[in-house]
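For the sequence shown, our numbering gives the first residue as 390, with consecutive numbering after it.
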Amino acid sequence: MAEDIPFDRRFDAAPGVADEVAPGVRRVLAPNSGPFTFTGTCSYIVGHGEVAIIDPGPDDPAHVAALLAAVRGETVTHVILTHTHRDHSGALAAIVAQTGAATYGEGPHRAARALHAGEVNTLDAAADRAFLPDVALADGARIDGRGWALTALATPGHTANHMAFALEGAGLIFVGDHVMAWSTSIVAPPDGAMSDYMASLHRLRARPETFYLPGHGGPVREGHAFVERYIRHREARETAILRALARGPMSIPEIVRAIYIGLNPRLFNAAGLSTLAHLEDLVGRGEVLTEGPAAFDGTFRLG
């Protein structure tokens, strides 16, 4: 179903090299490639002289050294997180220790909802629960630096504390893992929520900026059209789930096998979590029924 999105997987950035990707913005790619990180996490440096680092990346000594080399002779005044997954925040402590910069983010990691009785959060290992920002950002908060300013945009969905950051006067947004040119974003309960994610997509589409710099992969250059495809993709996935359930009650593994044709086996669990996110939303709207709260081991039927 992902063929309905015009993905761009052409991305030849080399790890450890500071590339200017927009006026006043440099990108340093971390060497943490993988099925969920693509070629690695993108850390961004905003400004010159006195700079901010957005998403310092994983706890990797080579990446920390590359970031510090990129800002040699400059002062890092801000370290900003889009969200608290370790591939974005792992290097934060090392960068702060070397620079003394203040940290900024929406807040500590938290689930989008309370865990159900007996439920285990399979994503705990990916979460940075130690992060507590020096400055907690409310939606719409402004971060001022020398020669640059950012506006914080609450974009929950991938995580409950996900934020994007619009660079004033540049027509661009640092979108973290909310939108990526190479793939759809993972929305996995209980860390994320599909209803929040869809609302955040609509919010992004309504803004004037059309150039997005994501946490993985290359830029999204026609943001409004791309986000519209994201929205349609999620709506089509929801329709596919409802059509599958029209055949009768089904479990999540059964739904995944029915709607994810040709799925890489390594991504089966991720697809199951994404399906659960859709089902939580559908149950909340009364379109799907289940016994008790929507859960990974539940059975679902049309409402």
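From the three backbone atoms N, C-alpha and C, an ideal C-beta is built for every residue, glycine too.
Hey, quick one: how far does the alpha helix (DSSP H) through residue i stretch, first residue to last?
i: Thr464; result: Not the alpha helix (DSSP H): Thr464 falls in the beta strand (DSSP E), residues Thr464 to Ile469.
i: Pro642; result: Ile641 to Ile648
i: Met583; result: Met583 to Ala595
i: Val485; result: Leu481 to Thr488
i: Leu665; result: Phe657 to Gly673
If we ignore side chains and look at the alpha-carbon of each, how far apart do residue i and residue j end up?
i: Asp528; j: Ala543; result: 5 Å
i: Ala635; j: Gly692; result: 10 Å
i: Gly423; j: Asp476; result: 11 Å
i: Gly607; j: Thr426; result: 12 Å
i: Ala647; j: Arg621; result: 19 Å
i: Gly446; j: Ala515; result: 13 Å
i: His474; j: Asp517; result: 6 Å
i: Ala391; j: Val616; result: Reliability of the predicted coordinates at Ala391 is poor, the pLDDT of 48 falling under 50, and the value obtained from them is presented with this limitation in mind. Cα to Cα, the separation comes out at about 13 Å.
i: Leu526; j: Glu557; result: 17 Å
i: Ala455; j: Phe657; result: 35 Å
i: Ala503; j: Ala530; result: 27 Å
i: Asp449; j: Arg626; result: 36 Å
i: Gly661; j: Asn653; result: 12 Å
i: Gly604; j: Tyr649; result: 25 Å
i: Glu624; j: Arg594; result: 16 Å
Using DSSP's beta-bridge definition, name the partner residues of residue i.
i: Asp533; result: Ala538
i: Leu634; result: Looking at the DSSP assignment, Leu634 forms no beta bridge with any residue, so it has no partner.
i: Leu521; result: Answer is none; Leu521 lacks a bridge partner.
Flag this pair as yes or no: are the beta carbons of residue i and residue j separated by less than 9 Å?
i: Ile630; j: Leu678; result: no
i: His472; j: His547; result: yes
i: Ile532; j: His467; result: yes
i: Ala541; j: Ala553; result: yes
i: Ala555; j: Leu665; result: no
Output the boundary residues of the beta strand (DSSP E) element that contains residue i.
i: Thr473; result: Thr473 -> no beta strand (DSSP E), and no H or E assigned at all.
Open item on the list: Three Cβ pairs or more, each shorter than 8 Å: is that satisfied between the stretch 520–538 and the stretch 433–445?
Closed with: Put simply, the stretch 520–538 touches the stretch 433–445. At least three CB pairs are less than 8 Å apart.
- [ ] Would you check if there are 3 or more beta carbon pairs closer than 8 Å linking the stretch 568–575 to the stretch 494–510?
- [x] no
Open item on the list: If contact is defined by three or more beta carbon pairs under 8 Å, each pair taking one atom from either stretch, is the stretch 402–421 in contact with the stretch 557–566?
Closed with: yes
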